[in-house]
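Participant: Numbering (my numbering), first residue to last: 918 to 1392.
I'd like to ask you about the structure that follows.
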Amino acid sequence: MSKNQQYKKRTGTLYRRWKGKDYSIDDPIAINNGTVWLKYDLHGKTTRKSLKTTNLKEAEQKRDSIMLPLQVADEAEASAQLVLKADQAQQKLDTVLLSQNPPLSIEEAWDTYLGSHERPDSGERTLLDYESHWKQFAKWILAKHSESTTIRAITPTIASEYASHLTKEKLSPNTFNKRINFLKLICTVLATPAQIETNPFEKIKSRKLKTTSKRELTQHELKTVLNTADGNLKILFYIGTFTGLRLGDCATLKWGEVDMDKLLIRRVPNKTRSRTPKPMTIGIPRPLFELLNIAPINKRKGFVLPDFAKEYQRDISTLCKITQKHFTDCDIQTHKEGTGKTEQYEAALKAWVKGKKKGKKPTYTRAIVEVGFHSLRHTFVSLHATLGTPQAVIMAIVGHGNPAMTHHYTHIGEDTARKAAGVLPDPTVTKKEEVPDAEFEVIDEEIVPDWILDKLKSQTARNWKKVRDELVGKS
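This is how it looks when you write it as structure tokens:
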């Protein structure tokens, strides 16, 4: 039945009823005396209703008031049927299109992200972290929502559930934010192949960071740390102490970035590699130079510390544990008092196990690290500040957190970098034992012969050995 036919039927039929008999609306026998009735279909049944009037015009008005709601309902139903058919057609079309071009699966997501030209230019270490974040999420969703095999199937509800899971895992706010921010990033980058319009992680808020700054080392602690370290660990700690570089940059420093002739290190920090590709210039102080100079020239290829570089790229947490153990071996308390697995906690845990684990298991406050490899960076800055190195130079050497400031401060020259390195004392010897670096030694002109001053003024990074030999030979 067509829509027009249906509406025509819904107008109903008017007829007259007189003396127990039915007549047509215009029948002369009942036209003046017969009461007008309305006959129409409702839910498949014929309904008859008296309009209680003999006047045709009045009857037509009453008929319209009865039939109009039914007509509107019919129109709404017909429209709903059209919408339903359109939705069904769209679903069939989507099914066909999805079969021809399926949305990106969770399993394929990481390789697709790596090959995407829309992803940010991240360093190798950052990519390893990103891959770890994705694998942990993929493992979780497989266990909790095995039916969700594509990125498109990740709903905001699932994303919120995963955020709650991370919270229950008692991750630090920093770690929580890193994982959620990457999931936001990968969904944004892969929106087109994943066929999604809304990022499921978009509305998950970052957690407030609780910053705990590492403290600098005392002179005694620094001397102990450097003197008791052996082999490559000694070199690692020397690089950290005398350059102010972060652990990752120290571990992955390459010989190609070390200019032993000019006494300079040129390094683009891992942390700012993507946004600030210009290298920092750091002078090499004498203690670090002497330690690096032990390596044969023909061996100065690739990483300065290849084993540590490999460990850093594999799992930085292992490298952190190695350096933290050295601080502990030097009798330096690395955690804030009362945090972490204290002696009291260990004793309570031992008693709990001995008591067959009855009662509530002992807990401890999350360790707050106060001393770590990053303390060397703070110590480096503090030493320079104490010795009067200009703040701009210090900021250029260690790298500034603000990209605009970094760009401004990285214009120090090579001579400035070398002079900054020259003022650093050797913390491994006492003041009586320490011999000033000849290149940066301040000499009283009143008691030094002119010929020595002339020699010193002519000294450069390339000829300093020759000048030194001439001075030693004449004295």
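For glycine and all other residues, C-beta sits at the position ideal for the given N, C-alpha and C.
Pairs of beta-carbons, one from the region 1131-1138 and one from the region 1282-1290, closer than 8 Å: are there three or more?
Facilitator: Contact between the region 1131-1138 and the region 1282-1290 is present, because at least three Cβ pairs lie under 8 Å.
Participant: Once the 5 residues before and after Ile-1156 are set aside, which same chain residues still bring their CB inside 7 Å of it?
Facilitator: Result list for Ile-1156: Leu-1162, Cys-1167, Leu-1170 and Leu-1205, in chain order.
Participant: Roughly how many angstroms lie between the CA atoms of Glu-1363 and Phe-1159, to the nearest whole one?
Facilitator: Model confidence at Glu-1363 stands at a pLDDT of 40, short of 50, so the residue's coordinates are unreliable; what they give is reported in the following sentence. Glu-1363 and Phe-1159: Cα-Cα distance of roughly 32 Å.
Participant: Since Leu-1139 and Pro-1342 are thought to touch, with beta carbons under 8 Å apart, how far apart are those beta carbons, to the nearest angstrom?
Facilitator: With a Cβ gap of about 10 Å, Leu-1139 and Pro-1342 do not count as contacting.
Participant: Can you find the residues in the same chain that come closer than 7 Å, C-beta to C-beta, to Ser-1299, ignoring five residues on each side of it along the sequence?
Facilitator: The answer, listed in chain order, is Glu-1133.
Participant: What residues match up with His-1291 in a beta bridge as DSSP calls it?
Facilitator: DSSP output for His-1291 lists no bridge partner at all.
Participant: Count the C-beta pairs between the region 1256-1272 and the region 1212-1230 that are closer than 8 Å, then say yes if the count reaches three, no if not.
Facilitator: Flag = no, the region 1256-1272 and the region 1212-1230 do not touch.
Participant: Assign Ile-1311 to one of three DSSP states: helix, strand, or coil.
Facilitator: Note: Ile-1311 maps to helix in three-state DSSP.
Participant: Measure the C-alpha to C-alpha separation of Lys-1382 and Lys-1056 and round it to an integer number of angstroms.
Facilitator: If I take the Cα positions, the gap works out to 60 Å.
Participant: Just the C-alpha distance for Ile-1211 and Arg-1217, rounded to the nearest angstrom, thanks.
Facilitator: Cα to Cα, Ile-1211 sits roughly 10 Å from Arg-1217.
Participant: Report the rounded CA-to-CA distance for Glu-977 versus Ala-995, giving the unit in angstroms.
Facilitator: Going by the C-alpha atoms only, they are around 25 Å apart.
Participant: Could you give the DSSP three-state label for Met-1322: helix, strand or coil?
Facilitator: Unreliable placement is indicated for Met-1322, whose pLDDT of 39 sits below 50; no coordinate value is reported for it.
Participant: For the alpha helix (DSSP H) containing Leu-1139, list its first residue and its last residue.
Facilitator: Taken as a continuous stretch (DSSP letters only), the alpha helix (DSSP H) holding Leu-1139 covers 1136-1145.
Participant: Sort out for me which residues DSSP pairs Ile-1199 with in a bridge.
Facilitator: BP columns for Ile-1199 point to Ile-1182.
Participant: Distance, Cα to Cα, Lys-1274 vs Pro-1186?
Facilitator: In a straight line, the C-alpha of Lys-1274 is about 48 Å away from that of Pro-1186.
Participant: Does the region 1105-1121 come close enough to the region 1062-1073 to have 3 or more Cβ pairs within less than 8 Å?
Facilitator: Yes: the two stretches touch, three or more of their Cβ pairs being nearer than 8 Å.
Participant: Does Thr-1280 pass the burial test, meaning 16 or more other C-beta atoms within 10 Å, or should it be called exposed?
Facilitator: Exposed, because fewer than 16 other Cβ atoms sit within 10 Å of the Cβ of Thr-1280.
Participant: Quick one: grab the DSSP three-state call for Arg-1036.
Facilitator: Correct three-state label for Arg-1036: coil.
Participant: How many angstroms separate the CA atom of Asp-944 from the CA atom of Gly-929?
Facilitator: Approximately 18 Å between the Cα atoms of the pair.
Participant: Under 8 Å between the Cβ atoms of Arg-1124 and Asn-1094?
Facilitator: Yes; because the gap between Cβ atoms is below 8 Å, this pair is in contact.
Participant: I need the straight-line Cα distance from Pro-1196 to Arg-1335, nearest angstrom please.
Facilitator: Whole-angstrom Cα-Cα distance: 16 Å.
Participant: Would you decide whether Leu-955 is buried or exposed? Buried here means 16 or more other CB atoms lie within 10 Å of its CB.
Facilitator: With 16 or more Cβ atoms within 10 Å of its Cβ, Leu-955 is classed as buried.
Participant: In this structure, how does DSSP classify Thr-1235 when only helix, strand and coil are distinguished?
Facilitator: Of the three classes helix, strand and coil, the one that applies to Thr-1235 here is helix, per DSSP.
Participant: Could you give the uninterrupted runs of the alpha helix (DSSP H) lying entirely in the region 1152-1177, keeping only those of 4 residues or more?
Facilitator: Listed in chain order, the complete alpha helix (DSSP H) runs (minimum 4 residues) inside the region 1152-1177 are 1164-1168.
Participant: Output needed for Cys-1237: all residues of its chain with C-beta closer than 8 Å, excluding positions within five of it in sequence on either side, in chain order.
Facilitator: Around Cys-1237: Leu-1164, Gly-1289 and Phe-1290.
Participant: Going by Cα to Cα distance, which pick from Ile-1214, Thr-1256, Pro-1307 and Asp-939 is closest to Ala-1284?
Facilitator: If we check each option's Cα against that of Ala-1284, Thr-1256 comes out closest.
Participant: Quick one: is Pro-1117 buried, meaning 16 or more other Cβ sit within 10 Å of its Cβ, or exposed?
Facilitator: Result: buried.
Participant: For Trp-1051, which residues of its own chain have a beta-carbon under 6 Å away from its beta-carbon, when the five flanking residues on both sides are left out?
Facilitator: Once the five neighbours on either side are set aside, the close Cβ partners of Trp-1051 are Trp-1027.
Participant: Taking Met-1177 and Leu-1153 to be in contact with their CB atoms under 8 Å, please state how far apart those CB atoms are, rounded to whole angstroms.
Facilitator: Going by Cβ atoms, the distance from Met-1177 to Leu-1153 rounds to 18 Å, so no, they are not a contact pair.
Participant: Kindly list the residues whose CB is nearer than 6 Å to the CB of Arg-1294, restricted to its own chain and excluding five residues on each side of it in sequence; keep chain order.
Facilitator: The answer, listed in chain order, is Gly-1161.
Participant: If you follow the beta strand (DSSP E) that Arg-1096 is part of, which residue opens it and which one closes it?
Facilitator: No beta strand (DSSP E) contains Arg-1096, which is instead part of the alpha helix (DSSP H) from 1090-1106.
Participant: Which value, in whole angstroms, describes the spacing of the CA atoms of Val-1346 and Leu-1126?
Facilitator: Using only the alpha carbons, I get a separation of about 40 Å.
Participant: Does the beta-carbon distance from Tyr-1030 to Ile-1075 come in below 8 Å?
Facilitator: No, Cβ-Cβ distance for Tyr-1030 and Ile-1075 is not below 8 Å.
Participant: Using the three-state DSSP reduction, which class does Ser-1049 fall into: helix, strand or coil?
Facilitator: Three-state result, Ser-1049: helix.
Participant: Is Pro-1202 buried or exposed, if buried means 16 or more other CB atoms sit within 10 Å of its CB?
Facilitator: The residue in question, Pro-1202, is buried, as its Cβ has 16 or more Cβ neighbours within 10 Å.
Participant: Determine whether the beta carbon atoms of Phe-1297 and Val-1286 lie at a separation below 8 Å.
Facilitator: Not closer than 8 Å, so no.
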